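Heads up: the sequence lines are chains R and V, in that order. For the first sequence, our numbering gives the first residue as 1, with consecutive numbering after it. For the second sequence, our numbering gives the first residue as 1001, with consecutive numbering after it. Before any comments, here is the structure.
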Amino acid sequence: MNPENPRIPIALALCCALLSAAILAPMLIPIAVSISDSMFVSFPPRGFTLNWYAQVLADAEFQTTFLFSFKLAVLVTALTVLLGVPCAIGLTRFRFPGRSLVFALILSPIVFPVLVTGVALLQFASRLGSNDSFLQILAGHTVICLPYLVRTVSGALLLVVPSTEDAARTLGAGQFTTFRRVTLPQIRGGILAGCVFAFITSFDDYAMAMWLADARNFTLPLQIHVFIERSFDPSVAAISALMVAFSLALLLVVERALGLKMQRIVAG
Amino acid sequence: MTEVSAASLSTRFAPTRRRFIAATATAIAAPILMTRNSWAQGKEIVIGIWGGAQGEFIRKQVIPAFEKDFGCKVLAEEGFTLPNISKMRATKSNPKYTVMFVDDLAVPICKGEDLIAPLPVEKMPNMANLFPRFNYENGYSTGLGISIGTMYRNTSGKAPTSFAELWDPRYKNGIKLNSWQNTSGLFFLIATAAIVTGKPFAEAQYEVDKIWPKLAELKPNIQNVYTSGVEAANEIAQGQAILGGIDYSKFIYPYTAKGAPIDMVFLKEGCFAGVNCQVLVKGGPNQDLGAAFMNRMLSKQVQKELAEFALVSPPVSGVELSAQAQKYVAYPDKRMDELSLFMPDWTHINKQRAAWTESANRIFSA
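Rendered as structure tokens:
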């Protein structure tokens, strides 16, 4: 056996294949349904057509909500990085009273149902006298995306070799220079993984947006629900397939553009 | 050049008696038309509406025309009754919404929690045409569109004639039952009470506690308990089950109208009325504009177009429906009576709903 490339046991490979199939199969169904030449959502698909995609892509409401969700996800991701990286550094590198409590609070949106967090935020904003839906949804998405980035960056920070930072400081580098030139390259994978999670979480969110969105700030998942309510035909499956493709494309672009291997992103 | 201009001017200003009267009338009327709704210029309201065909019609047809007539902005958010109530509760201290569309069951809840205001009848002249049965809680809400709630079927099989037939073994694993989590799903519990007690819906709704053994007997015939009406209708149209419901005609008839093999089933015990209503949020911004919008929703023209687009019955008298729409809606009130369109006592049902849900869940999750 080559120690560099150990052979995977057949049972493990089979297990992985089954697990992958269980995860991917539900995503393949909307893709199959979206090419069905039928007025109904039917599986297996009947006939073949790409008309549902043409119909969806030409729809003004789809275009508007897609662009809004995209811009929102970009802003949320940027805000999450700005807040999450310092937060992860603080929680990982410093010991202070209530550290565990702060960590638990930041991770709590993963534990609580998003629906509950959403209605609580709406009530909170109302008591503050705010009717600015965009700010509310931006804050809401940041709250639910922050835990992912803090987790991945904290994990990456724990793997940073402390001696490299000490060496830089010994050689005269300031705190910021040490962070920028020594620490940052080592936690880049964690930040990127957090960005991907944050972007996709914001882009796919329905539960939070249901409470906080308004007619001017309407997200794509909400619009998909509107389409389903209006007519449950394969155009809904076409939108779902486009969203899956978009998320996959995003992962591939991140991997290719930044020269990272997928397993490094996942591992942080 | 000069001659042409002169001729043109001469023609433009040639005063005849008819032109003079028309010009005078226009001069008098124009400021009135321009100022009639000037109070609403630049104002904005947020309203909560439904999804589906009704939502699409309101967003694309009603709102643009209203905005043009009043020079205002109407922001519409599509949603459902229970989340809409939650939104009103969450924003009670600083109301964001002015008008909210909810199902009839929610009106007593909203009134009880002081979330809604009485309708300003003097600012809503179209309420004069409202059938009295669709005036809720003595002027706190009006109906907007009525759907028929009953079972529906794939038309390839024979239609049952009574709710009692649903227990027949020929429907084994062939019925998709609407969940009691949905308002329309509660109707089936009342229908079962009617079968068990032999009483009409109006009396049977108070005896639902007697149905649980009978409901348990139906279990072999139930393929699944669904929460999404559009999905279930889609599956029954494809023949994946024989019957579905109880659900609203507004989910089923759009498929029927497109030629799908699916239709509502009118059973001898009668049907239920699913009434979509409108309420004025207490303390919401620009209440006058909200009242004007609600008044517009009750106009004969809007009601005709809404009924023909979304296949729901108007709650106001005097609407002339197309022959095509008339096939699918229960209108006017005489036709509603012929179909025994039953409107439950929501004040009673809302109090019992949690207990009913728990009992029904116990049967179908076992």
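Ideal Cβ placement from N, Cα and C applies to all residues, glycine included. What you are looking at is a predicted structure, and each value in this text was computed from that prediction instead of being measured.
- In the three-state DSSP reduction, residue 1235 of chain V falls in the helix class (H, G or I).
- Taken through DSSP and simplified to helix, strand or coil, residue 230 of chain R comes out as helix.
- Judged by DSSP in its simplified three-state form, residue 155 of chain R adopts helix.
- Note on residue 1161 of chain V: under 16 other CB atoms within 10 angstroms of its CB, so exposed under the neighbour-count rule.
- Using a CB distance cut-off of 8 angstroms, residue 47 of chain R does not count as an interface residue toward chain V.
- By the C-beta criterion, the segment 1320-1340 of chain V is judged not to be in contact with the segment 1062-1081 of chain V, since fewer than 3 inter-stretch pairs fall below 8 angstroms.
- At a cut-off of 8 angstroms between beta carbons, residue 1234 of chain V contacts chain R.
- Exclusion of the five residues before and after residue 29 of chain R leaves 43 as the residues of its chain whose Cβ lies within less than 7 angstroms of its Cβ.
- Take residue 1318 of chain V, set aside five residues on each side of it, and the residues of its chain with a beta-carbon closer than 8 angstroms to its own are 1129 and 1300, in chain order.
- DSSP places residue 1123 of chain V within a helical segment (H, G or I) once states are collapsed to three.
- In the DSSP assignment, residue 1338 of chain V forms no beta bridge with any residue.
- When 9 angstroms is used as the limit between beta carbons, residue 228 of chain R is near these residues of chain V: 1051, 1228, 1230 and 1231, in chain order.
- Around the beta carbon of residue 214 of chain R, 16 or more other beta carbons lie within 10 angstroms, which makes this residue buried.
- Our two residues, residue 251 of chain R and residue 220 of chain R, have alpha carbons roughly 19 angstroms apart in a direct line.
- Against residue 1091 of chain V, the close residues of chain R are 122 and 126, in the order they occur along the chain (beta-carbon pairs closer than 7 angstroms).
- In this structure, residue 75 of chain R keeps its C-beta atom at 8 angstroms or more from the C-beta atom of residue 136 of chain R.
- Taking CB atoms only, residue 210 of chain R has a neighbour in chain V less than 8 angstroms away.
- Look at residue 40 of chain R: its C-beta is under 8 angstroms from a C-beta on chain V.
- The continuous beta strand (DSSP E) containing residue 1153 of chain V extends over residues 1141-1154.
- The criterion of a C-beta distance shorter than 8 angstroms is not satisfied by residue 1180 of chain V and residue 1050 of chain V.
- Per the DSSP secondary-structure output, residue 1073 of chain V pairs in a beta bridge with V/1044.
- With contacts defined by Cβ atoms closer than 8 angstroms, residue 1151 of chain V and residue 1267 of chain V form a contacting pair.
- For residue 1050 of chain V, the pairing in a beta bridge is given by DSSP as V/1079.
- Against residue 119 of chain R, the close residues of chain V are 1086 and 1090, in the order they occur along the chain (beta-carbon pairs closer than 7 angstroms).
- Listed in chain order, the alpha helix (DSSP H) runs fully inside the segment 139-194 of chain R are 162-170 and 175-178, counting runs of at least 4 residues.
- By the neighbour-count criterion, in which a residue is buried when 16 or more other Cβ atoms sit within 10 angstroms of its Cβ, residue 1239 of chain V is exposed.
- For residue 1075 of chain V, the residues of chain R that pass the 7 angstroms Cβ criterion are 214, 215 and 216, in the order they occur in the chain.
- Residue 1099 of chain V and residue 1280 of chain V do touch by the CB rule: their CB atoms are close to 6 angstroms apart, below 8 angstroms.
- The DSSP-derived three-state label of residue 1116 of chain V is strand.
- From the beta-carbon of residue 1046 of chain V, the residues of chain R found nearer than 7 angstroms are 214.
- Shown here for residue 1186 of chain V: same chain residues with a beta carbon closer than 6 angstroms to its own, the five before and five after excluded, namely 1180 in chain order.
- Taken in chain order, the members of the segment 1233-1258 of chain V whose beta-carbon sits within less than 8 angstroms of a beta-carbon on chain R are 1233, 1234, 1237, 1238, 1254 and 1258.
- Judged by beta-carbon spacing, residue 1291 of chain V lies beyond the 8 angstroms limit of residue 1342 of chain V, meaning their Cβ atoms are not closer than that value.
- The Cβ atoms of residue 73 of chain R and residue 203 of chain R lie closer than 8 angstroms to each other.
- Proximity of residue 68 of chain R to chain V, defined by a Cβ-Cβ separation below 8 angstroms, is not satisfied.
- Among the CB atoms of chain V, one or more fall inside 8 angstroms of the CB of residue 129 of chain R.
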